[in-house]
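All residue numbers for the sequence shown refer to this note's numbering, where the first residue is 8 and numbers rise by one. Please read the structure below before turning to the comments.
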Amino acid sequence: MKIIGLVDLNIKINHITTTITAAVVKELIASMILGNDWFRKYHAIIDMNKNLLGIEGVKGRTFVNILEENEQKPFDVKLSTTINLQPRQELIVNASVPISSSDTVLFHPLLQHLHQRSLLLPHALLKVDNYQTQLTVYNPTNRTCTLSRNFKLMVLSPTIQCFAISSQPHLLSPSCAQQSTSIPLERTSDNETLA
8 MKIIGLVDLN IKINHITTTI TAAVVKELIA SMILGNDWFR KYHAIIDMNK
58 NLLGIEGVKG RTFVNILEEN EQKPFDVKLS TTINLQPRQE LIVNASVPIS
108 SSDTVLFHPL LQHLHQRSLL LPHALLKVDN YQTQLTVYNP TNRTCTLSRN
158 FKLMVLSPTI QCFAISSQPH LLSPSCAQQS TSIPLERTSD NETLA
């Protein structure tokens, strides 16, 4: 990750305004990552059981929810253009996603939705660039299938559990063997109807 500059930011949490000099990078999976320096400076605590972040200011401590309700819902992955799939054709298609950029994002096909059209899509780890990704769609039938622009193909889950497996267990620390990572996402505006 290459730092392209520094910027002084004011981060307001309820009635407390905090400050930090933030490093600016070209690509980041989150809007912002707060470091240990910020946590120490404002005596910040994270209560995962209550889903709260607490910080201390001159007038006392304040708390805020870590994740908003809409961030806990899956996000749609939609076709960027209308496509025609010939019988038994596999096609790499462009799709729109609700995050700007990421090297690796886990996508889940909408199985019941795709089953109605007799289509196959794999679960996939995909790269996202400028709200776009590419994925594979397969038509296993003997008939042509047309999918309209904005057809929902997959969902992107904001919370992903990552697991590491090694044939040499002593090489993995307990913190590395099982981790859960939350990825804050932003919804894009969508005024068009889905197919």
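Just so it is clear, CB atoms sit at the ideal spot from N, CA and C, and this is done for glycine as well.
Assumed close pair residue i, residue j - CB separation to whole angstroms, cut-off 8 angstroms
i: P105; j: L163; result: 7 angstroms
i: S108; j: V135; result: 6 angstroms
i: P94; j: T153; result: Actually they are not in contact, since the Cβ atoms of P94 and T153 sit about 13 angstroms apart, beyond 8 angstroms.
8 angstroms Cβ cutoff met for residue i and residue j
i: D15; j: T25; result: no
i: L126; j: V144; result: yes
i: L86; j: R150; result: no
i: T88; j: N101; result: yes
i: T69; j: I18; result: no
i: I40; j: I53; result: no
Rounded C-alpha distance that separates residue i from residue j
i: K9; j: D44; result: 20 angstroms
i: A30; j: I20; result: 20 angstroms
i: L92; j: L113; result: 24 angstroms
i: N137; j: I99; result: 18 angstroms
i: F158; j: I90; result: 10 angstroms
i: G64; j: G42; result: 18 angstroms
i: N56; j: R47; result: 21 angstroms
i: L13; j: Y49; result: 20 angstroms
i: Q123; j: K66; result: 58 angstroms
i: F82; j: Q119; result: 16 angstroms
Burial state of residue i, where buried means 16 or more other Cβ atoms lie within 10 Å
i: N146; result: buried
i: I11; result: exposed
i: S173; result: Note that S173 scores a pLDDT of 42, beneath 50, so its modelled location is shaky; the value from the coordinates is reported in the next line. Exposed is the call here.
Neighbourhood of residue i by C-beta distance below 8 angstroms, restricted to the same chain and skipping five residues each side
i: L128; result: P116, L121, L142, T143, V144, Y145, L160 and M161
i: L59; result: I53, F70, V71, N72 and I73
i: Q139; result: S87, N101, A102, S103 and V104
i: K33; result: K9 and I11
Own chain residues within Cβ distance below 6 angstroms of residue i, not counting five before or after
i: G61; result: I52, R68 and F70
Neighbourhood of residue i by C-beta, 7 angstroms cutoff - its chain only, sequence neighbours within 5 removed
i: A131; result: F114 and L142
i: E97; result: T143 and Y145
Within-8 angstroms CB hit, residue i to chain B
i: N43; result: Protein chains in the displayed structure number just one, and chain B is not present.
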